[in-house]
Amino acid sequence: MAVRSALINVMVRAVNQAARGLKRDFGEVENLQVSKKGPADFVSAADTKAEEVLRKELARARPDYGLIMEESGRSEPKPGCERSWVVDPLDGTTNFLHGLPHFAISVGLAERGEVIAGVVYDPIKDELFWAEKGGGAFLNDRRIRVSSRRSMSDGLFATGIPFLGSKKNDAVFLRELKAVMQSSSGVRRWGVASLDLAYVAAGRFDGFWEQGLSAWDFAAGILLVREAGGLVTDLEGGSVSLDGHALLAANEHLHRGLSKLIAEAQKA
Ligand code: IPD
Ligand code: CA
Numbered sequence: 005m006a007v008r009s010a011l012i013n014v015m016v017r018a019v020n021q022a023a024r025g026l027k028r029d030f031g032e033v034e035n036l037q038v039s040k041k042g043p044a045d046f047v048s049a050a051d052t053k054a055e056e057v058l059r060k061e062l063a064r065a066r067p068d069y070g071l072i073m074e075e076s077g078r079s080e081p082k083p084g085c086e087r088s089w090v091v092d093p094l095d096g097t098t099n100f101l102h103g104l105p106h107f108a109i110s111v112g113l114a115e116r117g118e119v120i121a122g123v124v125y126d127p128i129k130d131e132l133f134w135a136e137k138g139g140g141a142f143l144n145d146r147r148i149r150v151s152s153r154r155s156m157s158d159g160l161f162a163t164g165i166p167f168l169g170s171k172k173n174d175a176v177f178l179r180e181l182k183a184v185m186q187s188s189s190g191v192r193r194w195g196v197a198s199l200d201l202a203y204v205a206a207g208r209f210d211g212f213w214e215q216g217l218s219a220w221d222f223a224a225g226i227l228l229v230r231e232a233g234g235l236v237t238d239l240e241g242g243s244v245s246l247d248g249h250a251l252l253a254a255n256e257h258l259h260r261g262l263s264k265l266i267a268e269a270q271k272a
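Listed below in C-alpha cells is the structure:
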C-alpha cells in the first residue's frame, strides 16, 4: 500500500476538488455539441473555473509557493521560498470540447526549476498518477514502472500532431512520424501530453516525443516517467528545463533508438 506524504495529499485534494467540477461540466458538453452556439465558451469557462479551484486550494495549503498556470500566468513565490506549482487545470481541452472522455488535471511542484512532486489525474477513468522525487511513481495505490520492451519494432509510441496555429514545423514532424511509424508497432495521438507521459510511466506506451509543449503540459509527467525508471530528455538527448518546449521520454532500452530516429528525421 502506497503511503502518500502530506504534500501529495495537498495536491490530491486540490485535483479532486477541481475534478468534481470538470466532470459535471463534461456531462453538459455532450448536450451542447448539438446546440447552435456549440460548447466552446462553456468549455473555456469550465477550464477557468477549474484553474480557480486549484489556485485557491493550493494557495490555502501552501501560501508561500509561487504558481505557474496555463490560463492566468505566473505569480512568484514569497521571499525565502523557492517552490512553485506548475498547473494545467484541463490538459486535453480539445478532447473535452468534442466530448472525448480523455483529459486530465496536471499539477507539478518545482523547486529551483526541478520537479519534485507531480500528480496527473484522469477524472473519467478515475486514474490518479502521482510521484514524489525519490519515492517512486504510482497509479492510485499501485507502484508503476516503465515497460521493459527492448526492441523498437515491439514499441508503441505517443506523440502530438501539429494543428492549426500550433508552433511546430509540420514538414519536420511528418518526417519524424514516418521514421517512427516505419520502425515500431504504432504511434498514437491522444491529445493529452500529461497522460501520454503518465502512460509511459505506467508501461502502456514505450515512449513519447513532442515539440511545442509548455511547462504545465509536462512538469508532473516528467517526474512520473523518471520515478518509474524511464528517461526524459529534450529531442537531442539533452537535459529538460521547464522553459523548454520539446520532450522525448522512453524506457531506458528504447530512449536511444527513439532519439536516433528523431535526430535523423530532423536533419533529413
Ligand atoms: C495540449 C495537449 C496536447 C498537446 C498540445 C497541448 P491543452 O494541451 O497536451 O496533447 O499536443 O501541445 O497544448 O491545450 O489541451 O491544455
Ligand atoms: Ca495542456
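Here the sequence shown stands for residues 5 to 272, where the numbers follow this note's numbering. The C-beta atom is built at its ideal place from N, Cα and C for all residues, glycine as well.
Query	Result
Please determine, among A253, N173, V91, G138, the residue with the shortest C-alpha to C-alpha distance to Y69.	V91
Could you tell me the distance, in whole angstroms, from the CA atom of V111 to the CA atom of E131?	14 Å
Where does E180 fall in DSSP's three states?	helix
What are the partner residues of D238, as DSSP defines its beta bridges?	D238 pairs with nothing; no bridge assigned.
For the candidate residues L11, S245, A269, L235, whose alpha-carbon lies nearest to that of A65?	L11
Ligand 2 and W194: does any heavy atom of the ligand fall closer than 7 Å to the residue's C-beta?	no
Quick check: the segment 89-107 against the segment 194-208, are at least 3 beta-carbon pairs closer than 8 Å?	yes
Please determine, among V124, G77, M73, the residue with the shortest C-alpha to C-alpha distance to M15.	V124
With C-beta atoms as the reference, is Q270 less than 8 Å away from V176?	yes
Spatial neighbours of H257 within its chain, please: C-beta separation below 6 Å, excluding the five flanking residues on both sides.	R154
Are the segment 176-192 and the segment 133-143 in contact at 8 Å, needing three or more beta carbon pairs?	no
Among G122, R87, G233, W220, which one has its Cα closest to the Cα of I148?	G233
Please confirm whether any heavy atom of ligand 2 lies closer than 7 Å to the CB of W89.	no
How about D221: is its Cβ closer than 7 Å to a heavy atom in ligand 2?	yes
Under three-state DSSP, which class holds I128?	coil
Any idea which residues DSSP pairs W89 with across the strands?	L71, L113
Is the number of C-beta pairs between the segment 241-258 and the segment 219-232 that are closer than 8 Å three or more?	yes
Can you check which of these residues, D45, S245, L239, A44, is closest to L227 by C-alpha distance?	S245
Check the DSSP bridge columns for S76 and list the partner residues they point to.	Its beta-bridge partners do not exist; DSSP assigns none.
Does the segment 115-122 come within contact of the segment 37-47, defined as at least 3 CB pairs closer than 8 Å?	no
With R146 as the anchor, note down where its beta strand (DSSP E) starts and where it stops.	146-148
Contact defined as beta carbons within less than 8 Å: I believe A162 pairs with F209. What is the distance between those atoms, to the nearest angstrom?	5 Å
When every heavy atom of ligand 1 is checked, does at least one fall within less than 7 Å of the C-beta of L217?	yes
List the endpoints of the continuous beta strand (DSSP E) containing G190.	190-192
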